[in-house]
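Colleague: Here it is: the structure, laid out below.
Rendered as structure tokens:
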């Protein structure tokens, strides 16, 4: 018998895998559900029942009588296939991993420890089959299945629970419903038909691709306007499946119907937005990796610090805060060891996310019993206080963590970070955004800083920026890169982020005299110009551009072509088109432009693509060649 693997591998299977969990009263519910499954649904079904560990199960034989679909008792490493039903054997636990079902002996637990085989399987199902995972909780007592359904929902899957009227024991399904992790509540006999309807929508069946693409772009534009987050460069397969998931739940028919519904329903905008943010986190998620941090990374950080210099950590994409608090707890535990008696007195954990509701929860430090389920009793006692039926992080740990709504793709990054954790965020982004994020993290790290990514993520997009120090656990050290720059288009800075006392201090005193002198010389000797992005919007002015640019009447705009004075827009468009096409500097001289009086001046325009920038940017220079001769 194989032991349960700690690292789960995502499956390449592109068909739905339906996990169905039940306890007391589950046999009758199973029978009702299986009778209603068509022979060719294209889905695999995995049944997890609370079974007596001391008796051989007859469940397979009993259920095979109700359906013509093959019912198989799981054996080691059996591969899941569509139109098959799989049943867990007695006295075993089971997980999904890389498209197969893996068994392990049922662990011996004390009388106070609960056996939760449904949560275990559903959680692995979510991680391995992602948006193709489906969870169904049927009759049973207590709470098994709720955490598993949450994991499935977080990974973009669909969740079901048996309705209270048809359940012999309503504890399990009703607990999941109350936790807000159930999409559909139905009698078992009606679940298979709804499964077919939902999967047809989430697979995009029956839609014209051209029309569908236009609608999805409009949905993304609507969210950008109303929520301020642009999902254009996120992985569109993931974004699309999550939009289709909301379509199926909202029952709006085709994409155009959902777009119309979305425009008129702010609550649905909020729900779709939260679905796209993919909030997946836990305390001490991946314990094996945290153990490695305790023996390698954290000691390395502490050894390089004097007692008066704080440890600085940035958790980018922190969701509801569990990882930020876990890091703070781990550093607190380690700094108490004798070998680190001179360790820093202060740990600063900057934790950011673009979801305001997630940050609000993180800031409160309040978590439910299910949220803290993975914590050891010792940590729960040391770092939490029981409060209103839940648990609150104690004040010293809360004070070391500062939470804020922040988009690391567009807001100014922080600096001098010893560790940046950004796990399982980049996998949802396209290559362009991944490079942008990694370049930002490189800029924000201390020269000896360490980057921590998710298990499926790498720094391959910017190979010159990082060196792997632990490939298995995705830990990277920062490398020095010359000529490196990070555009910061937002208005916020770390000063405003951390100025909790309300002193309102902004700005910094520079210490690089050479750079300051160079700036003065450049301002005196170089022509006027602007820096523009790929959309031709001006992001920076250099020198006096008043002879060439002016605000246009009407709605305010920083678009270069709209601000260009008479006769310049045509020339600018042509020059920039050539610069983009040739990916090199382009210059045109002897351009005649009218002056404010009755004469004309001769100017030259130069467009230069900026190197070593993640987003395409161009420097546009205006050379004043004087009044026209004659």
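Residue numbers (this note's numbering): 1344 to 1973. Cβ atoms here follow ideal geometry from the backbone N, Cα and C, with glycine treated the same way. Just so we're clear, the structure is a prediction, and the values are computed from it rather than from any experiment.
Can you list, in chain order, the stretches of the beta strand (DSSP E) that have 3 or more residues and sit fully within the segment 1500-1537?
Modeller: If we require 3 residues or more, the beta strand (DSSP E) runs fully inside the segment 1500-1537 come out as 1501-1505 and 1527-1529.
Colleague: Does the beta-carbon of residue 1304 have 16 or more other beta-carbons within 10 angstroms, so that it is buried, or is it exposed?
Modeller: The question about residue 1304 has no answer here: the residues shown for the chain are numbered 1344 through 1973.
Colleague: What residue range is occupied by the uninterrupted beta strand (DSSP E) comprising residue 1607?
Modeller: Here residue 1607 refers to the residue found at position 264 of the chain shown. Run containing residue 1607: none in the beta strand (DSSP E); it sits in the alpha helix (DSSP H), 1598-1607.
Colleague: For residue 1789, which three-state DSSP category applies?
Modeller: By 1-based counting over the chain shown, the position of residue 1789 is 446. In this structure, residue 1789 counts as strand in the three-state DSSP scheme.
Colleague: Is the segment 1635-1643 in contact with the segment 1747-1755, if contact means three or more CB pairs nearer than 8 Å?
Modeller: Judged by Cβ distances under 8 Å, the segment 1635-1643 makes no contact with the segment 1747-1755, as fewer than three pairs qualify.
Colleague: Mind reading off the beta-carbon distance from residue 1964 to residue 1949? Whole number of angstroms is fine, and I expect it under 8 Å.
Modeller: Here residue 1964 corresponds to residue number 621 of the chain shown, with the count starting at 1. Here residue 1949 corresponds to residue number 606 of the chain shown, with the count starting at 1. Rounded, the Cβ-Cβ distance is 4 Å, consistent with contact.
Colleague: To the nearest angstrom, how far is the alpha carbon of residue 1707 from that of residue 1700?
Modeller: Taking the chain shown and counting its residues from 1, the one referred to as residue 1707 is at position 364. Taking the chain shown and counting its residues from 1, the one referred to as residue 1700 is at position 357. Their Cα atoms are separated by approximately 11 Å.
Colleague: Residues in its own chain within less than 6 Å of residue 1522 by CB, not counting five upstream and five downstream?
Modeller: Mapped onto the chain shown, residue 1522 falls at position 179. So the list reads 1489, once near-sequence residues are dropped.
Colleague: Within 8 Å, do at least three Cβ pairs link the segment 1558-1566 to the segment 1758-1778?
Modeller: Contact between the segment 1758-1778 and the segment 1558-1566 is absent, because fewer than three Cβ pairs lie under 8 Å.
Colleague: Of the residues 1393, 1714, 1447 and 1406, which one's Cα is nearest the Cα of residue 1419?
Modeller: Walking along the chain shown from the start, residue 1419 turns up at place 76. The candidate whose alpha carbon is nearest that of residue 1419 is 1447.
Colleague: Between residue 1921 and chain D, is any beta-carbon pair separated by less than 8 Å?
Modeller: Annotation note: the requested chain D is absent from the structure, which comprises a single protein chain.
Colleague: As an exercise, report each continuous beta strand (DSSP E) stretch of at least 3 residues that is fully enclosed by the segment 1748-1809, in chain order.
Modeller: Correct list: 1760-1765 and 1788-1796.
Colleague: Pick out the complete alpha helix (DSSP H) segments inside the segment 1886-1917, 4 residues or longer, and give them in chain order.
Modeller: Complete alpha helix (DSSP H) runs here, min 4: 1903-1906.
Colleague: What residues are listed by DSSP as bridge partners for residue 1362?
Modeller: Indexing the chain shown from 1 puts residue 1362 at position 19. 1389 and 1478, per the DSSP bridge assignment.
Colleague: Hey, could you find the ends of the alpha helix (DSSP H) residue 1954 is sitting in?
Modeller: Position 611 of the chain shown holds residue 1954. Taken as a continuous stretch (DSSP letters only), residue 1954 belongs to no alpha helix (DSSP H), as it is neither H nor E.
Colleague: Over what stretch of residues does the alpha helix (DSSP H) that includes residue 1672 continue unbroken?
Modeller: Reading the chain shown from its first residue, position 329 is the one you call residue 1672. Where residue 1672 is concerned, the enclosing alpha helix (DSSP H) stretches over 1665-1678.
Colleague: Look up residue 1871 in the DSSP assignment and say whether it is helix, strand or coil.
Modeller: Translated into the one-based positions of the chain shown, residue 1871 becomes position 528. Reduced to three states, the DSSP call for residue 1871 is strand.
Colleague: So what does DSSP say about residue 1855, is it helix, strand or coil?
Modeller: By one-based count along the chain shown, residue 1855 stands at place 512. A caution first: residue 1855 carries a pLDDT of 39, below 50, which makes its placement in the model too unreliable to give a value.
Colleague: In this structure, does DSSP put residue 1436 in helix, strand or coil?
Modeller: Along the chain shown, read from residue 1 onward, the residue named residue 1436 stands at position 93. Strand, per DSSP.
Colleague: Put residue 1879 into one of helix, strand or coil per three-state DSSP.
Modeller: Here residue 1879 corresponds to residue number 536 of the chain shown, with the count starting at 1. Coil at residue 1879, not helix or strand.
Colleague: Within 8 Å, do at least three Cβ pairs link the segment 1366-1377 to the segment 1468-1482?
Modeller: Result yes; three or more Cβ-Cβ pairs closer than 8 Å.
Colleague: For residue 1646 and residue 1788, I'd like the C-alpha separation in whole angstroms.
Modeller: The count along the chain shown starts at 1 and reaches residue 1646 at position 303. The count along the chain shown starts at 1 and reaches residue 1788 at position 445. Residue 1646 and residue 1788: Cα-Cα distance of roughly 17 Å.
Colleague: Taking residue 1579 as part of the alpha helix (DSSP H), name the residues at either end of that continuous run.
Modeller: Position 236 of the chain shown, counted from the first residue, corresponds to residue 1579. That run of the alpha helix (DSSP H) goes 1579-1593.
Colleague: Say whether the segment 1709-1718 touches the segment 1613-1630, bearing in mind that this needs 3 or more beta-carbon pairs closer than 8 Å, one atom from each stretch.
Modeller: The segment 1709-1718, when compared against the segment 1613-1630, does touch it at the 8 Å Cβ threshold.
Colleague: Look up residue 1961 in the DSSP assignment and say whether it is helix, strand or coil.
Modeller: The residue you call residue 1961 lines up with position 618 of the chain shown. Of the three classes helix, strand and coil, the one that applies to residue 1961 here is strand, per DSSP.
Colleague: Is the distance from the Cβ of residue 1439 to the Cβ of residue 1464 below 8 Å?
Modeller: If you number the chain shown from 1, residue 1439 lands on position 96. If you number the chain shown from 1, residue 1464 lands on position 121. Yes, the pair counts as a contact, with Cβ atoms nearer than the cut-off.
Colleague: By the three-class DSSP mapping on this structure, what secondary structure does residue 1556 have?
Modeller: Working through the chain shown from its first residue, we reach residue 1556 at position 213. The answer is helix: DSSP assigns residue 1556 an H, G or I state.
Colleague: Alpha carbon to alpha carbon, how far is residue 1407 from residue 1659?
Modeller: Indexing the chain shown from 1 puts residue 1407 at position 64. Indexing the chain shown from 1 puts residue 1659 at position 316. Taking the straight line from one Cα to the other gives about 49 Å.
Colleague: Closer than 6 Å by C-beta to residue 1542: which residues in its own chain qualify, once you throw out the five before and the five after it? Chain order, please.
Modeller: Start at 1 with the first residue of the chain shown, and residue 1542 comes out as number 199. Closer than 6 Å at Cβ, skipping near neighbours: 1359.
Colleague: Among residues of its own chain, excluding the 5 on either side of residue 1866, which ones have a beta-carbon nearer than 7 Å to its beta-carbon?
Modeller: Within the chain shown, numbered from 1, the residue matching residue 1866 stands at position 523. The predicted model places residue 1866 with a pLDDT of 48, which falls under 50 and marks its position as unreliable, so this point remains unresolved.
Colleague: May I ask which residues mark the beginning and end of the alpha helix (DSSP H) holding residue 1721?
Modeller: For the purposes of this step, residue 1721 is taken as residue 378 along the chain shown, with counting starting at 1. Its alpha helix (DSSP H) spans residues 1720-1726.
Colleague: Can you grab the Cα-Cα spacing for the pair residue 1938 / residue 1944, in whole Å?
Modeller: Walking along the chain shown from the start, residue 1938 turns up at place 595. Walking along the chain shown from the start, residue 1944 turns up at place 601. Cα to Cα, the separation comes out at about 6 Å.
Colleague: Distance, Cα to Cα, residue 1591 vs residue 1366?
Modeller: For the purposes of this step, residue 1591 is taken as residue 248 along the chain shown, with counting starting at 1. For the purposes of this step, residue 1366 is taken as residue 23 along the chain shown, with counting starting at 1. Roughly 28 Å between the two C-alpha positions.
Colleague: With which residues is residue 1931 paired in a DSSP beta bridge?
Modeller: Translated into positions along the chain shown, residue 1931 becomes position 588. In DSSP, residue 1931 forms a bridge with 1948.
Colleague: Which value, in whole angstroms, describes the spacing of the CA atoms of residue 1467 and residue 1353?
Modeller: The residue labelled residue 1467 in the question sits at position 124 within the chain shown. The residue labelled residue 1353 in the question sits at position 10 within the chain shown. Going by the C-alpha atoms only, they are around 10 Å apart.
Colleague: Reducing DSSP to helix, strand and coil, say where residue 1627 ends up.
Modeller: Counted from its first residue, the chain shown places residue 1627 at position 284. Residue 1627 falls in the coil class under three-state DSSP.
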